[in-house]
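Undergrad: Residue numbers (our numbering): 13 to 356.
Even for Gly, the Cβ is constructed at its ideal location relative to N, Cα and C.
Submitted below is the structure of interest, expressed as structure tokens.
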């Protein structure tokens, strides 16, 4: 039997930016299912900054779990804050014990999460997180107790509308503009600087492309290695823009080449063609690009892949063949084909 409609809903995803983007179809589905309810999003500060102004959301609530709200005292304070807001339903895409305890301490009377969550007994209802489905489909299962999304709902990742990039972000130069994103939170997911440099040089020589390096401040070391390995001419924007300007920059590109990380899903949401380099992870794990033009590049035939949901901090085999054996020539060909398809 379907649950009664809630009036004040908290949607929770406090993980990385890519996870937040893949959570947005659930936000849109919840708005379509509950058009008169109030919807709030709880996320890390960066996730809230990314979604501020997203159509359908009434509020974003930042939970700085790794900063000023860290630890047990921060958890209790945030739970009190949430309790005061009077939410009657929480849908949690995050599976950590911290998130489950936070929602329970907040006294939210209906809490729905995944059966694979760290402490599933703290949820009133758990839905299966199916390993053979895309993450977007898995997140939409959180609405199953209410009958799921409306029958005519079409899922797609979404971002707030932002002003187009201008002279504040773009340098004079020819099209196509190609953005290279060499960073990742996970070290084993980072393709080599030499590989990115060869792609930059190859696309500039073959297509006369303007090559941008795009990333967050934490990606600065990876970007410095690419700059050192490439020839002159890279337009380096890594760590030199705020998050929303970083999104505007991706939107201005004709193509993104990225590791399996947040720019994959940001580009997909913006309908920018994207070539994604998969190493320790695989597209079958549910984090492939969704919608738009894309290519997934990986080294086939390695029995060690995947080595975890996010890869690993260090290669369990001692040699990162899944990344080291990815030929830059393949990436250049895929990028060239995507750009041709985009203008066809």
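Contact defined as beta carbons within less than 8 Å: I believe residue 122 pairs with residue 18. What is the distance between those atoms, to the nearest angstrom?
TA: About 7 Å; that satisfies the 8 Å criterion.
Undergrad: Decide if residue 302 is buried, meaning its Cβ has at least 16 other Cβ atoms within 10 Å, or exposed.
TA: The residue in question, residue 302, is buried, as its Cβ has 16 or more Cβ neighbours within 10 Å.
Undergrad: Quick check for students: name the residue ranges of the beta strand (DSSP E) that lie wholly in the segment 137-224, counting only runs of 3 or more.
TA: Listed in chain order, they are 137-139, 189-193.
Undergrad: What does the Cβ neighbour count give for residue 286, buried or exposed, with the cut at 16 atoms within 10 Å?
TA: Result: buried.
Undergrad: Reducing DSSP to helix, strand and coil, say where residue 92 ends up.
TA: Residue 92: helix per DSSP, three-state reduction.
Undergrad: For residue 308 and residue 280, I'd like the C-alpha separation in whole angstroms.
TA: Spanning the two alpha carbons is a distance of roughly 13 Å.
Undergrad: Per the contact definition of three or more C-beta pairs closer than 8 Å, is the segment 56-69 in contact with the segment 93-107?
TA: Verdict: no, contact absent.
Undergrad: From the DSSP output, in three-state form, read off residue 270 for me.
TA: Strand.
Undergrad: Looking only at C-alpha atoms, which of 72, 115, 169, 107 sits nearest to residue 87?
TA: Checked all of 72, 115, 169, 107; the closest Cα to residue 87 is 115.
Undergrad: Can you give me the Cβ contacts of residue 315 inside the same chain, cut-off strictly under 6 Å, excluding the 5 residues immediately before and after it?
TA: Closer than 6 Å at the Cβ level, and outside the excluded window around residue 315, lies no residue.
Undergrad: Output needed for residue 34: all residues of its chain with C-beta closer than 7 Å, excluding positions within five of it in sequence on either side, in chain order.
TA: Same-chain partners within the cutoff: 147, 148, 151, 169, 277.
Undergrad: Taking the alpha-carbon of residue 264 as reference, which of 322, 186, 326 has the nearest alpha-carbon?
TA: For the residues 322, 186, 326, the minimum Cα distance to residue 264 belongs to 186.
Undergrad: Identify every residue that forms a DSSP beta bridge with residue 248.
TA: 225, per the DSSP bridge assignment.
Undergrad: Identify the residues that DSSP records as bridge partners of residue 50: which are they?
TA: In DSSP, residue 50 forms a bridge with 20.
Undergrad: Any contact between the segment 257-276 and the segment 195-204? By contact I mean 3 or more CB pairs, one from each, below 8 Å.
TA: Counting Cβ pairs under 8 Å, three or more are found: they touch.
Undergrad: Do residue 243 and residue 213 have their C-beta atoms closer together than 8 Å?
TA: Yes, the Cβ-Cβ distance between residue 243 and residue 213 is below 8 Å.
Undergrad: Which full runs of the alpha helix (DSSP H) of 4+ residues lie inside the segment 51-121, going along the chain?
TA: Listed in chain order, they are 57-63, 83-97, 109-117.
Undergrad: CA-CA distance, residue 297 and residue 142?
TA: Spanning the two alpha carbons is a distance of roughly 10 Å.
Undergrad: Can we say the segment 339-351 touches the segment 211-228, given the rule of at least three CB pairs closer than 8 Å?
TA: Yes, the segment 339-351 touches the segment 211-228.
Undergrad: Would you identify the three-state DSSP class for residue 321, choosing helix, strand or coil?
TA: Note: residue 321 maps to coil in three-state DSSP.
Undergrad: Exposed or buried, what is residue 21 when buried is set at 16 or more other beta-carbons lying within 10 Å of its beta-carbon?
TA: Buried, because 16 or more other Cβ atoms sit within 10 Å of the Cβ of residue 21.
Undergrad: Buried or exposed, going by whether 16 or more other CB atoms sit within 10 Å of the CB of residue 259?
TA: It is buried - the Cβ of residue 259 has at least 16 other Cβ atoms within 10 Å.
Undergrad: Any idea which residues DSSP pairs residue 280 with across the strands?
TA: In DSSP, residue 280 forms no bridge with anything.
Undergrad: Ordered along the chain, which non-local residues of its own chain (more than five positions away) have a Cβ less than 7 Å from that of residue 132?
TA: 125, 138.
Undergrad: Skipping 5 residues on each side, what residues in its chain have a beta carbon closer than 7 Å to that of residue 27?
TA: Cβ neighbours of residue 27 beyond the five flanking positions: 106.
Undergrad: May I ask you to report which of helix, strand or coil DSSP gives residue 299?
TA: DSSP places residue 299 in coil when its eight states are reduced to three.
Undergrad: When you compare each of 102, 58, 156 to residue 50 by their alpha carbons, which one comes out closest?
TA: Answer by Cα proximity: 102.
Undergrad: How is residue 308 classed by DSSP in three states: helix, strand or coil?
TA: If DSSP states are grouped into helix, strand and coil, residue 308 belongs with the strands.
Undergrad: Would you please state the rounded distance, in angstroms, between the beta carbons of residue 157 and residue 41? I believe it to be under 8 Å.
TA: Not really, about 13 Å apart at Cβ, beyond 8 Å.
Undergrad: Restricting to Cα atoms, I'd like to know which of 130, 205, 135, 252 is closest to residue 182.
TA: The shortest Cα separation from residue 182 among 130, 205, 135, 252 belongs to 252.
Undergrad: Check residue 35 in the structure and name its three-state DSSP category.
TA: Three-state DSSP puts residue 35 in a helix.
Undergrad: Taking the beta carbon of residue 355 as the centre, do at least 16 other beta carbons fall within 10 Å, making it buried, or is it exposed?
TA: Flag for residue 355 reads exposed.
Undergrad: Look at residue 195 and residue 220 and say whether their C-beta atoms are less than 8 Å apart.
TA: No, the pair does not count as a contact, with Cβ atoms beyond the cut-off.
Undergrad: Return the Cβ separation of residue 57 and residue 70 in integer angstroms, given the expectation that the two are a contact with Cβ distance under 8 Å.
TA: At roughly 19 Å, the Cβ-Cβ gap does not stay under 8 Å, so residue 57 and residue 70 are not in contact.
Undergrad: Apart from the five residues on each side of it in sequence, which residues of its chain come closer than 6 Å, Cβ to Cβ, to residue 61?
TA: Taken in chain order, the residues that qualify are 255.
Undergrad: Would you verify that the beta carbon of residue 68 is, or is not, closer than 8 Å to some beta carbon of chain B?
TA: The structure shown has no chain B; it contains just one protein chain.
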